[in-house]
Amino acid sequence: MGARRVFIIISLLVLAFFVYMVGSSIYISRVTGTLHVDSSKNALIVISQDNHGAKIIGTGSAKVLLKPGSYQLSATNGAKQKFITVNIIKNRSASLSLIPTTSALLPSPESIQFSGTSTLINDGLTTNQISDFKTAVFYFKSSAQTVSIDESSVTSEPHTLGADFMLEFKVKIDSTSYRAVISYSDLSTINLNLYNLNSNSRVFSSRAISN
Amino acid sequence: MSSKFKLVLFWLGVIVSAFVIKTVVFRGGSYVGIPKAPALSGAISQSLASSGTKTIPRLNKDYLINSVKYFQPQSWAVASISLSKLPQNNAIVILHQVDGAYRIVLGPGTAFSTYDTYSLPVDVILYLKNSGVLIYQPTGGQ
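Line order of the protein sequences matches chains C and W.
In short: position in the first sequence from 1, add 87, done, that's our numbering.
In short: position in the second sequence from 1, add 18, done, that's our numbering.
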């Protein structure tokens, strides 16, 4: 008799578990939206929300059900991270690819890859003025990825007393080439002017820059 | 096969089918609920996540938020954080609100070069200067 009672209680518990699992699953599926994220292999996928914490939802890829609302999604792989804001709508599916690409979130002169600046030092610029040059290019195009100086094109004007020193060269900012003219009168300040190679019209003037 | 054994098998089947139904209803996904937490803690934890680990830093367990200063009026935030085990060692993180959500754009760090801060608003730069964490550091030529 005792064993039968235990069996009935266990049966009821299993039944309650079944009803709870199925009921809660159906309820959750009705009040949530689905998010499917694909990222690079080993990328850690994390989700957070305003005034809430953060949670890991997967590595490489993830499929989750979320309450409706705005979420901040990130994928991290080594030093690279990528963020995106997603809006989850009830009973709707969202699918996205999130590949970590950038390590610097805040654009700065340091996030631009410069090449050929040593030539400018050989032609008389100081390291401070090189920093000024990088800052000037950043002011011209803060989203630039690569800046390449054509080392064979660097020419310096003969200096005349009382006039500024001048350096002229071709510079490629991402995929566009410009004629660059740097003028300076001391060892810490420069003025960078960029000209369109075809029309020779001035497209940028940094005015005096001194870091 | 005894009737009791058949019943045990039946209830085991019920348990398994509960999980199968859940998987089918969730279309292979899993429900994720994010617990409530103080402002910026989610963004900070998320930004400090690193691949190769199975956990992310948690507020009050791994790190503390000592103070938060908002700018313009809440587009930017400068937070002072520290490790829970070393609360006297403060670091600064700068957060920017993009599409309604904050994310760390600079830090954590105890000092920043002026070079890193060109994209920051003037009042944030001034605050960092006054806090003594902004230093001049030319990068030189290459």
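C-beta: ideal position from N, C-alpha, C; glycine also.
Near residue i, what residues of its chain come up, given a Cβ to Cβ distance below 7 Å and the 5 sequence neighbours on each side ignored?
i	result
S59/W	L77 and I83
L122/C	V151, L153, V173, I175 and A181
D251/C	S270, Y271 and S272
F201/C	K221 and V234
P105/W	L82
Quick check on the DSSP output: the beta strand (DSSP E) that includes residue i runs from which residue to which?
i	result
Y114/C	It is not in any beta strand (DSSP E) - Y114/C instead sits in the alpha helix (DSSP H) that spans G89 to V118.
L185/C	Segment: none, L185/C is in no beta strand (DSSP E) and carries neither H nor E.
Q200/C	Q200 to S202
Could you please give me the residues that DSSP links to residue i through a beta bridge?
i	result
G127/W	I110/W
T222/C	In the DSSP output, where bridge partners are listed per residue, T222/C has none listed.
K72/W	Its beta-bridge partners do not exist; DSSP assigns none.
T163/C	L131/C and Q168/C
N283/C	Y265/C
H139/C	K54/W
Q115/W	Y120/W
State yes or no: is the C-beta of residue i within less than 8 Å of the C-beta of residue j?
i	j	result
S240/C	F256/C	yes
Q90/W	P139/W	yes
F219/C	S297/C	Strictly speaking, residue 219/C in this sequence is Asp, with Phe absent from that position. A contact, by the Cβ cut-off of 8 Å.
V116/W	I99/W	no
V96/W	K87/W	yes
A36/W	V173/C	no
L146/W	T128/W	no
V142/W	W94/W	yes
W29/W	V101/C	yes
S131/W	L193/C	no
S149/W	T163/C	no
F44/W	S116/C	yes
For residue i, which residues of its own chain have a beta-carbon under 6 Å away from its beta-carbon, when the five flanking residues on both sides are left out?
i	result
K128/C	G147
T170/C	For clarity, residue 170/C is Phe in the given sequence; the question names Thr instead. S161, listed in sequence order.
A223/C	L279, S293 and I296
T242/C	E255
**Asked** Does the region 129-148 of chain C come close enough to the region 39-57 of chain W to have 3 or more Cβ pairs within less than 8 Å?
**Response** Between the region 129-148 of chain C and the region 39-57 of chain W, the count of C-beta pairs closer than 8 Å reaches three or more; the two stretches touch.
**Request:** Examine the Cβ distances between the region 232-248 of chain C and the region 273-283 of chain C and report whether three or more of them are shorter than 8 Å.
**Result:** These segments do not touch.
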